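No gaps in the numbering here: position 65 of the sequence shown is 71 in the numbering used here, and each next residue is one more.
Beta carbons are placed, not taken as given, at the ideal position from N, Cα and C, and that holds for glycine.
Quick caveat, the model's predicted, so the values are computed rather than measured.
To start, the structure under review is shown below, and the notes come after it.
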Amino acid sequence: MLFPLLYAVYYQEPVINAFIFSIAITSLSGLLLWKFFSSKEPIGHKEGFAIATLGWVLAAGFGALPFLFAGTFPSFIDAYFESMSGFTTTGATVLVPIEGNPYSILFWRDFIQWLGGMGIIVLVVAILPALGAGGMQLFKSEVPGPEPDRLKPRIKETAKLLWGVYIIFSVLQVACLYFTGMTLFDALTHMFGTMPTGGFTPRNLSVGAYDNPTFENIIIVFMFIAGANFTLHYKALHGNPKSLFKDREFLFYCGV
């Protein structure tokens with residue numbers, strides 16, 4: 007929430023306190039959970055699924071706080087729906103109209119979708135050193151499929167690499183949109199909706215509001231990239247582009 011808070015401060019928006027209160031509540035809750043519920047016991051399959059499920063529920067709850075405190079939605083249910091839709095990259099929204107809301111709120115709304123695109127549990131596995139072997143159970147509970155692909159022997163390193171590829175494509179899309187005429191804010195927020203294939207944008211008419219085929223084509227290309235398996239992208243970027251066309255899933259994806 008620090009990034010949208012900086013936006014709110016920069017533009018002197020009336021929602022600064024909304025983000026400050028949200029950060030305080032989220033941080034305090036995290037400290038209390040760590041203090042009273044942390045355990046050194048190994049994480050098994052059941053615990054992994056339980057933590058992943060609870061993680062998404064709590065993330066959506068805390069993510070809804072800025073919307074609630076800023077008065078973006080009249081009820082917590084609406085704020086929670088928008089937050090959960092963002093984190094799960096569902097793309098459904100109850101925000102009408104979209105335009106006219108503070109930049110920081112629109113930034114947060116799109117940013118949580120980007121965070122959910124690669125998976126908040128995968129992000130936790132990548133940045134928390136204390137998980138140890140339990141990180142594999144969390145990773146399995148987050149990533150679809152019978153067995154997640156390992157790019158490195160340690161699952162923590164695999165999670166970092168996946169997020170690294172995700173960030174590289176994200177930066178490339180922002181650059182492409184910005185240098186073809188889109189404002190930096192709009193480029194960022196449209197990237198936040200493209201890379202997770204969720205679709206949130208800061209405009210009522212989405213990308214159609216610009217009536218610009220160049221913007222649309224850039225978003226189409228990166229949406230296609232984002233819909234594919236990121237382990238294949240990693241292999242392609244590291245000198246093995248043929249791996250893309252040897253993968254049956256990717257070939258079927260291209261055919262569809």
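Going by DSSP, PRO219 is part of the alpha helix (DSSP H) stretching over 219-232. With a threshold of 16 other beta carbon atoms within 10 Å, PHE117 meets it and is buried. In this structure ARG115 is buried. Its beta-carbon is surrounded by 16 or more other beta-carbon atoms within 10 angstroms. Here DSSP, grouped into helix, strand and coil, assigns ASN23 to helix. Within the same chain, and ignoring the five residues on either side of PHE236 in sequence, the residues whose Cβ sits closer than 6 Å to its Cβ are LEU168 and VAL171.
Distance from the CA atom of THR200 to the CA atom of PHE93, rounded to whole angstroms, is 14 Å. Rounded to the nearest whole angstrom, the C-alpha separation of LEU74 and SER89 is 11 Å.
Shown here for SER176: same chain residues with a beta carbon closer than 6 Å to its own, the five before and five after excluded, namely MET197 and MET201 in chain order. Comparing C-alpha distances from PRO72 to each of ILE174, PRO108, PRO103 and GLY61 shows the shortest one belongs to PRO108. Non-local beta-carbon contacts of ALA234 in its own chain, meaning distances under 7 Å to residues more than five positions away in sequence, involve PHE256 and TYR259 in chain order. By the neighbour-count definition (other C-beta atoms within 10 Å, threshold 16), VAL21 is a buried residue.
Rounded to whole angstroms, the separation of the alpha carbons of PHE206 and LEU194 is 11 Å.
In the DSSP assignment, GLY214 falls outside any alpha helix (DSSP H), carrying neither H nor E. Residue burial annotation: SER28 is buried, with at least 16 other C-beta atoms found within 10 angstroms of its C-beta. In this structure, THR220 sits away from THR189, with a CB-CB distance that is not shorter than 8 Å. For the pair PHE79 and THR32, the CB atoms are not nearer than the 8 Å cut-off. PRO10 is positioned such that its CB atom lies closer than 8 Å to that of PHE113.
Rounded to the nearest whole angstrom, the C-alpha separation of VAL102 and PHE251 is 42 Å. The DSSP assignment places 82-93 as complete runs of the alpha helix (DSSP H) inside the stretch 54-94, in order along the chain (cut-off: 4 residues). Listed in chain order, the non-local C-beta contacts of THR95 below 7 Å within the same chain comprise GLN119, GLY122, GLY123, PRO202, THR203 and GLY204, local neighbours out to five positions each way being set aside. By the C-beta density criterion, ALA181 is exposed, having fewer than 16 other C-beta atoms within 10 angstroms.
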